[in-house]
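Chemist: Counting in my numbering, the sequence shown runs from 1 upward without gaps. Note that beta-carbon positions come from the ideal geometry of N, C-alpha and C, so glycine has one too.
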Amino acid sequence: MAKKTEKKNKKKRPARSKLQSVGSQPIILFILFQLVSLLIEMVSGRGTAYLYMMIPLLIITYGGWLIVYRMGAETPFFINAAMLLTFGTMIQCMLLKEDTVPTSLIVIYALAAAMGLIAGFLYRRMPIIASPHGVTILFCASVVLYLATLVLGAAVGGGVRNWIRIGGMSLQPSEFNKGIYVLVMAGLLCTKENPGRKRIWASIFVTLVNLGFLGIQGEFGTFLLILCTFLCFIFLFVPDIKVFASIFAVMAAAGTALTACCMALLKITGGTSEFGPMRFVLAQIQKIANRFIYWLDPASDAQGAGYQILQARKALLNSNLFGSDTTTPLSNPTNDMVFPALTERCGLLIALMVCILFGLLLVRGTRIYFRCPDRYHQAVCAGLCFQLILQAFIIIGGSIGMFPLTGITLPLISRGGSSLMSTFIFLAVILVISAGNLWDGRRDYTKYETKLQKARSVHTNRVSSMRNRSRRRPGVDNTGKSGKP
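1) Report the rounded CA-to-CA distance for Cys-381 versus Ile-389, giving the unit in angstroms.
2) Which residues bound the beta strand (DSSP E) around Met-169?
3) Where do the ends of the beta strand (DSSP E) carrying Arg-165 lie?
4) If you draw a straight line from the alpha carbon of Cys-262 to that of Arg-375, how long is it in whole angstroms?
5) Do you know whose CA, among Leu-214, Leu-188 and Thr-259, lies nearest Phe-237's CA?
6) Which residues mark the beginning and the end of the alpha helix (DSSP H) in which Gln-311 is found?
7) Give me the Cα-Cα distance between Gly-72 and Met-185, rounded to the nearest whole angstrom.
8) Excluding the five sequence neighbours on either side, which residues of its own chain have a C-beta within less than 8 Å of the C-beta of Glu-219, listed in chain order?
9) Just to confirm before moving on: does the CB-CB distance between Cys-232 and Phe-386 stay below 7 Å?
10) What does the alpha-carbon distance come out to for the pair Leu-32 and Gly-88?
11) Grouping DSSP H, G and I as helix and E and B as strand, with all else coil, what is Gly-45?
12) Where does Thr-328 land, buried or exposed, given buried means 16+ other C-beta within 10 angstroms?
13) Would you call the CB atoms of Leu-85 and Leu-412 closer than 7 Å?
14) Can you have a look at Gln-303 and say buried or exposed, based on whether 16 or more other CB atoms are within 10 angstroms of its CB?
15) Please state the DSSP three-state secondary structure of Arg-124.
16) Where do the N-terminal and C-terminal ends of the alpha helix (DSSP H) with Glu-344 fall, by residue?
17) State buried or exposed for Phe-248, treating a residue as buried only when at least 16 other CB atoms are found within 10 Å of its CB.
18) Would you call the CB atoms of Leu-420 and Ile-164 closer than 7 Å?
19) Within its chain, find whatever has a CB closer than 6 Å to the CB of Tyr-146; leave out the 5 residues flanking it on each side and keep chain order.
20) Please report the residue range of the alpha helix (DSSP H) in which Phe-426 lies.
21) So what does DSSP say about Asn-468, is it helix, strand or coil?
22) Can the beta-carbon of Leu-438 be found less than 7 Å from the beta-carbon of His-377?
23) In chain order, what residues of the same chain have a beta carbon less than 8 Å from the beta carbon of Ile-55, not counting five sequence neighbours either side?
24) Does the distance between the C-beta of Asp-240 and the nearest non-hydrogen atom of the ligand ADP fall short of 6 Å?
25) Tell me whether Glu-193 sits in a helix, a strand or coil according to DSSP, three-state version.
26) Assuming the contact rule is C-beta atoms closer than 8 Å, Ile-91 and Cys-346 should be a hit. Round their C-beta distance to whole Å, please.
27) Between the alpha carbons of Val-243 and Arg-279, how many angstroms are there, rounded?
28) Measure the C-alpha to C-alpha separation of Ile-350 and Ala-379 and round it to an integer number of angstroms.
29) Give me the Cα-Cα distance between Arg-291 and Ile-285, rounded to the nearest whole angstrom.
30) Using 7 Å as the threshold, is the C-beta distance between Thr-409 and Gly-416 below it?
31) Specify the secondary structure class of Gln-303 as computed by DSSP and reduced to three states.
32) Just mark Cys-372 as buried or exposed, buried being the case when its beta carbon has 16 or more other beta carbons within 10 Å.
33) Our contact map puts Leu-503 next to Met-83 with C-beta atoms below 8 Å; I'd like the distance itself, whole angstroms only.
34) Can the beta-carbon of Cys-93 be found less than 7 Å from the beta-carbon of Met-42?
35) How about Leu-138 and Leu-183: are their beta carbons less than 7 Å apart?
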């Protein structure tokens with residue numbers, strides 16, 4: 001017996017050492033990568049700030065690595081995201097005015113990590129979000145957030161009024177509404193193999209409501225994200241390709257007609273009106289039109305609307321392979337213009353690595369999508385991953401002059417607090433989906449309440465019958481007391 005146990009122990013030992021060696025490789029790579037980042041920061045004169053930032057960064061990367069490793073989630077997806085976060089920490093420390101403790105950035109990272117953990121935990125244990133009642137609650141919550149933004153919104157830095165101030169912090173509810181929109185669309189279109197006309201029309205209604213609020217707020221970037229996400233859902237999860245073709249044709253025709261009407265309205269009114277609602281509509285139209293006008297010819301207003309684009313191009317031209325000593329003044333280098341700032345200070349090589357990492361994130365997200373056996377979780381993974389990659393593509397393209405600037409942030413690179421929180425939530429949900437062993441997204445969870453009521457009625461009937469039987473026993477009265485003296 002002793003020999004048999006020794007043989008079993010000998011067989012188990014190599015397996016454990018193999019697992020330990022596989023798990024230690026990413027940790028060693030992280031350590032080397034962050035040491036190189038620390039050297040770069042010390043050369044740039046922001047070594048102290050980066051040393052303080054390494055505390056939350058190490059907790060997030062290595063703590064997240066342990067959680068992902070224990071769950072059995074997609075490890076390469078997490079590694080790509082952690083490397084992007086390290087690059088974002090590098091550039092944010094470089095953009096600090098002084099080499100001091102970045103307290104606000106540490107708080108943002110801590111809140112974002114906490115939000116990601118909570119979102120992953122809730123998604124794993126709340127199948128109610130896939131039910132019609134859950135979809136209705138989520139949609140109403142998004143409408144409440146939009147209305148709160150319209151009523152309580154304030155402009156940060158002279159921008160669009162899409163921020164809500166809570167104490168000393170500013171939150172952008174539209175960043176969280178992007179994720180809510182994905183959950184609502186997944187609940188409408190992906191809890192059944194073939195969604196009917198009612199569900200498709202309901203998804204169109206939800207999309208129009210989101211686009212309407214975003215149009216009123218003037219959020220062109222988020223407007224574009226929601227529109228493209230809608231087309232992605234219709235293309236992937238509605239089996240009839242004719243539905244996608246007809247919706248795309250209607251949207252193209254409506255967009256062309258709306259653009260023509262807006263141009264005619266600007267020409268007739270001259271961009272001004274004494275009527276309040278018309279003045280508001282003209283202001284929103286002019287705001288969107290200026291993005292295209294100064295994208296095509298930024299030199300026409302070099303000190304005004306075209307200044308940001310011209311400075312971004314100047315920063316890109318000043319950069320070289322390993323970074324430049326020049327620091328071009330950018331209007332918003334920590335958020336909108338973070339990619340030109342990163343390219344100028346860190347070099348074209350690191351900028352190319354950031355683009356490659358976003359491409360790898362797309363590849364890993366697509367892999368999770370195809371491996372997921374459940375249609376609902378497939379839809380959530382596809383929607384969240386699509387939004388992350390499309391957002392990166394739009395802002396990088398806008399900052400280098402390929403598209404008009406939209407005002408959205410670069411995921412995991414920009415400083416924005418609400419953006420980083422929503423990005424951590426997206427990543428946490430995608431990683432939970434990649435781990436598998438989730439609830440069935442095709443099940444109608446609204447029946448849980450009726451089942452619970454039936455179970456309660458059956459339980460009460462059984463209890464009452466047991467009481468009646470005990471009362472009918474000889475020597476026992478109705479009060480349950482014995483009749484014996």
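Modeler: From the atom records:
1) 12 Å
2) 169-171
3) 164-166
4) 40 Å
5) Leu-188
6) 307-318
7) 27 Å
8) Val-160, Asn-162, Ser-174 and Gly-407
9) yes
10) 17 Å
11) coil
12) buried
13) yes
14) exposed
15) helix
16) 338-346
17) exposed
18) no
19) Phe-213
20) 417-435
21) helix
22) yes
23) Ile-106
24) Of ligands this structure carries none, so the ligand ADP is not represented either.
25) coil
26) 7 Å
27) 37 Å
28) 32 Å
29) 10 Å
30) yes
31) coil
32) buried
33) Absent from the structure is residue 503, since the part of the chain shown begins at 1 and ends at 485.
34) no
35) yes
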